[in-house]
Amino acid sequence: MGNQLAGIAPSQILSVESYFSDIHDFEYDKSLGSTRFFKVARAKHREGLVVVKVFAIQDPTLPLTSYKQELEELKIRLHSAQNCLPFQKAAEKASEKAAMLFRQYVRDNLYDRISTRPFLNNIEKRWIAFQILTAVDQAHKSGVRHGDIKTENVMVTSWNWVLLTDFASFKPTYLPEDNPADFNYFFDTSRRRTCYIAPERFVDGGMFATELEYMRDPSTPLVDLNSNQRTRGELKRAMDIFSAENIALLAETALRFLELVQLKTLNMENDPDSEEVDEATHPNGDYDTGVAAYVGWQSSSILKPLLQQGLSDAEEFVIVKALNALTCMCQLGLLQKPHVYEFASDIAPFLCHPNLWIRYGAVGFITVVAHQISTADVYCKLMPYLDPYITQPVIQIERKLVLLSVLKEPVSRSIFDYALRSKDITSLFRHLHMRQKKRHGSILDCPPPEDPAIAQLLKKLLSQGMTEEEEDKLLALKDFMMKSNRAKANAVDQSHLHDSSQKGVIDLAALGITGRQVDLVKTKQEPDEKRG
Numbered sequence: 001m002g003n004q005l006a007g008i009a010p011s012q013i014l015s016v017e018s019y020f021s022d023i024h025d026f027e028y029d030k031s032l033g034s035t036r037f038f039k040v041a042r043a044k045h046r047e048g049l050v051v052v053k054v055f056a057i058q059d060p061t062l063p064l065t066s067y068k069q070e071l072e073e074l075k076i077r078l079h080s081a082q083n084c085l086p087f088q089k090a091a092e093k094a095s096e097k098a099a100m101l102f103r104q105y106v107r108d109n110l111y112d113r114i115s116t117r118p119f120l121n122n123i124e125k126r127w128i129a130f131q132i133l134t135a136v137d138q139a140h141k142s143g144v145r146h147g148d149i150k151t152e153n154v155m156v157t158s159w160n161w162v163l164l165t166d167f168a169s170f171k172p173t174y175l176p177e178d179n180p181a182d183f184n185y186f187f188d189t190s191r192r193r194t195c196y197i198a199p200e201r202f203v204d205g206g207m208f209a210t211e212l213e214y215m216r217d218p219s220t221p222l223v224d225l226n227s228n229q230r231t232r233g234e235l236k237r238a239m240d241i242f243s244a245e246n247i248a249l250l251a252e253t254a255l256r257f258l259e260l261v262q263l264k265t266l267n268m269e270n271d272p273d274s275e276e277v278d279e280a281t282h283p284n285g286d287y288d289t290g291v292a293a294y295v296g297w298q299s300s301s302i303l304k305p306l307l308q309q310g311l312s313d314a315e316e317f318v319i320v321k322a323l324n325a326l327t328c329m330c331q332l333g334l335l336q337k338p339h340v341y342e343f344a345s346d347i348a349p350f351l352c353h354p355n356l357w358i359r360y361g362a363v364g365f366i367t368v369v370a371h372q373i374s375t376a377d378v379y380c381k382l383m384p385y386l387d388p389y390i391t392q393p394v395i396q397i398e399r400k401l402v403l404l405s406v407l408k409e410p411v412s413r414s415i416f417d418y419a420l421r422s423k424d425i426t427s428l429f430r431h432l433h434m435r436q437k438k439r440h441g442s443i444l445d446c447p448p449p450e451d452p453a454i455a456q457l458l459k460k461l462l463s464q465g466m467t468e469e470e471e472d473k474l475l476a477l478k479d480f481m482m483k484s485n486r487a488k489a490n491a492v493d494q495s496h497l498h499d500s501s502q503k504g505v506i507d508l509a510a511l512g513i514t515g516r517q518v519d520l521v522k523t524k525q526e527p528d529e530k531r532g
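Spelled out as structure tokens, the structure:
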């Protein structure tokens, strides 16, 4: 015992330069480091500098052909990956003493670049991080896994272009968690004791971690070396209907869950808050155009009032959902032509809405309509709706970017919200309409508003920067704003009624009771007045 070595010890340790004596296309330049696994050197080639990784062959029977084929296949797969730099050449036995890997030389890696002046700024760090993720995505789409991503394997050029290199398909996938020898040999090349390996790659040491990737059949072998515990190869007849023995247990479990569901349903029926929960969790903002497609174009007249209600909703996200639904229905040809023009007239004012998503939704609908109708209909029926909201005539209405580039600036959010919250929005629009007539010369004079509240509101809007162009945009959104104002007012009234219906809650404002201020402490002047 002890006379036979566990591994083949090297007869002599050679420098990395000595391995270049048998190759003629590469000239040794300098050493870049040496580990137990690889010796790394920089060499000169007629096409430029290259990195050469030398693997010293201690065992001549070591099968290197399969690894060479894997590296060549990896090179072919990553040919179109701009952020990946695989090995360009793999010499299985460049000499009798070593196998070599060749790739292009890049001066800096990410570890060196981070600690080198000038230091990276925030934008450059984000750009490098984005390129690393892009490189990983390119490799995964090509069916390649790196296996050893770390800062030393991320190369950075002088113009901050990232190249992910040194793909480690030949390194073991699993490592023993109780023995660091394999990790130090294959992965700790910097000898900084820094681990970049995913935790799930460390397994129990008794599972022969370095050979797990070669195991294809995890079943128990039929023949065991220990004859006392030999596995018998008999097939039981009961195995053909093994699932039948679990039917009774599954039936009992299903019955128990059925009883629990019925009990929960009974409790919810007696719960007064269940209706509120159902109403709150109802997917009001979702839409499914597949239902309309199943019904056919006849659904247009049925869905028209519902979609119009969605376009005038008080919540802006509901308007966005309605616009998206209309766009999808128009693409599928589920809207009749008169309905399309009617919706176009309602949606065109949204081009000056302060909400960005609503404007994008309106542009999407209009471009889809322009695709569906003829050129004559575009200029005769659709363009009159768009003229008040674009800065110049446009030809390619069906292109979103073109239409977005010629849109006028939207109405100010502060002016829009302040006008929308006004109590007497009808009188406000009546006065704005008279001011517009005066600007167009239809009337000679526009008297100031008689209502002091409207005068104060108008003064407030003018102080917030409302111009004549802003007034025209508000008038374009008149119908939508009035419907939205009424919807919000109705919602407030219903909330008051709901609050008053609760037990122990009295809404004094709903009962018409006027509040009065009474001093509970008498002042000193009152006794003096009584004496006088």
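Numbering of the sequence shown is given in the UniProt record's numbering, commencing with residue 1 and proceeding in unit increments.
Idealized CB from N, CA, C, for every residue including glycine.
All of these numbers come straight from a predicted model, not from anything done at the bench.
In the displayed model, Gly33 falls within a strand according to three-state DSSP.
Boundaries of the beta strand (DSSP E) harbouring Val40: Lys39 to His45, taken from the DSSP string.
When the beta-carbon positions are compared, Leu401 and Leu351 stay at least 7 Å from each other. As for any alpha helix (DSSP H) of minimum length 4 sitting wholly inside the segment 114 to 158, the runs are 122 to 141, ordered along the chain. By the criterion of at least three beta-carbon pairs nearer than 8 Å, the segment 119 to 127 is not in contact with the segment 172 to 182.
Per DSSP, the continuous alpha helix (DSSP H) segment holding Met434 begins and ends at Ile425 to His440. Non-local C-beta neighbours of Ile128 in its own chain, meaning closer than 6 Å and more than five positions away in sequence, comprise Val162, ordered along the chain. One thing to note: Lys53 has its Cβ no nearer than 7 Å to the Cβ of Val16. The alpha-carbon of Met482 is positioned some 50 Å away from that of Thr134. If the five residues before and after Ser412 are omitted, its C-beta is found closer than 8 Å to the C-beta atoms of Pro354, Gln464, Gly465, Met466 and Glu470, all from its own chain and listed in chain order. Distance from the CA atom of Arg399 to the CA atom of Leu334, rounded to whole angstroms, is 21 Å. Residue state for Thr165 is assigned as strand, using DSSP reduced to three classes. Following the DSSP letters along the chain, one finds Lys68 inside the alpha helix (DSSP H) bounded by residues Thr65 to Arg77. Taken in chain order, the complete alpha helix (DSSP H) segments of 4 or more residues contained in the segment 299 to 333 are 299 to 311 and 316 to 331. The C-alpha of Arg439 is placed about 30 Å away from the C-alpha of Tyr341.
By the neighbour-count criterion, in which 16 or more other beta carbons inside 10 Å mark a residue as buried, Phe480 falls on the buried side. For Pro338, the closest alpha carbon among the candidates Leu306, Ser300 and Tyr360 is that of Ser300. The segment 385 to 399 makes no contact with the segment 425 to 445, as fewer than three CB pairs between them are under 8 Å. For Leu474, the enclosing alpha helix (DSSP H) has its first and last residue at Glu468 to Ala476.
Secondary structure note for Arg359: it is in no beta strand (DSSP E), and the uninterrupted alpha helix (DSSP H) holding it is Leu356 to Gln372. Straight through space, the alpha carbons of Ser158 and Glu92 are spaced by roughly 33 Å. By the CB criterion at 7 Å, Glu152 and Ser115 fall outside the cutoff.
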